[in-house]
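A.B. asks: Attaching a single structure in structure tokens format; questions to follow.
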Amino acid sequence: TGNTHAGTGPDPALSLGENTCIRKTLLPLIEKAREDGISVMADLSLAPYLPFEQELAQAAARLIGAAITVSLAQDKTKRSITVIARQTDTTVMLLVGHRQTAPVTMDAEGRPQDGPYAEAIPALRQFMMRHQGVGQYTCKKGWIVATVRIPCKGGAAV
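Note that this note's numbering has the sequence shown beginning at 388, numbered continuously upward.
As structure tokens, this is what we get:
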């Protein structure tokens, strides 16, 4: 199921929620990251169905892929990724963060100018524009955090 840890029962660092589309898309990436020695904490607490779940899963996959690429270049002791997806009555929020020791060159709008995030952001922007969402990318205290918020009233996309 992907929620067990080395055959010892539930993995407290991995909660994949009820959304099958999100689970099927992200679990292989999370497992690959862990195989590559990256510590991954994932909490994907989303409803079983969202009207834009495939697009959200692809957005998350792009961000996780970028986080994996950057993490593999980090010292092994600093390889860590956090993935959180939450929903309220009005919003779906996705957060992907990872440790970052090297400086990141940002453009005037606060987005990375090069590297895997610069490649992922144009597709994310299209997704956010289609659903009236907003995104934020921050680099503070050794962590890169990408956050996406999409309006969603009672499970219905805007």
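Backbone N, C-alpha and C fix where the C-beta goes; we use that ideal spot for every residue, glycine too.
Quick one: give me the first and last residue of the alpha helix (DSSP H) that L459 is part of.
C.D. replies: First-last of the alpha helix (DSSP H) with L459: E440 to L459.
A.B. asks: Under the three-state reduction of DSSP, which class applies to V536: helix, strand or coil?
C.D. replies: Per the sequence shown, the amino acid found at residue 536 is Arg instead of Val. The answer is strand: DSSP assigns R536 an E or B state.
A.B. asks: R486 by DSSP, collapsed to three states: which one?
C.D. replies: strand
A.B. asks: Buried or exposed for Y436, going by 16 or more other Cβ atoms inside 10 Å?
C.D. replies: exposed
A.B. asks: Under the assumption that L443 contacts V479 (Cβ atoms under 8 Å), give the Cβ distance between them as a whole number of angstroms.
C.D. replies: 7 Å
A.B. asks: By DSSP's criteria, I471 is part of a beta bridge. Which residues make up the other side?
C.D. replies: DSSP lists D430 and L482 as partners of I471.
A.B. asks: Anyone know if the C-beta pair for V470 and A434 falls short of 7 Å?
C.D. replies: no
A.B. asks: Let's test the definition: count the other Cβ atoms within 10 Å of the Cβ of P509 and tell me whether it reaches 16, buried, or not, exposed.
C.D. replies: exposed
A.B. asks: Could you name the residues of the same chain whose beta carbon sits closer than 6 Å to that of Y504, not counting the 5 residues immediately before and after it, in chain order?
C.D. replies: The residues are A453.
A.B. asks: Buried or exposed: which applies to V483, given that a residue is buried once 16 or more other Cβ atoms fall within 10 Å of its Cβ?
C.D. replies: buried
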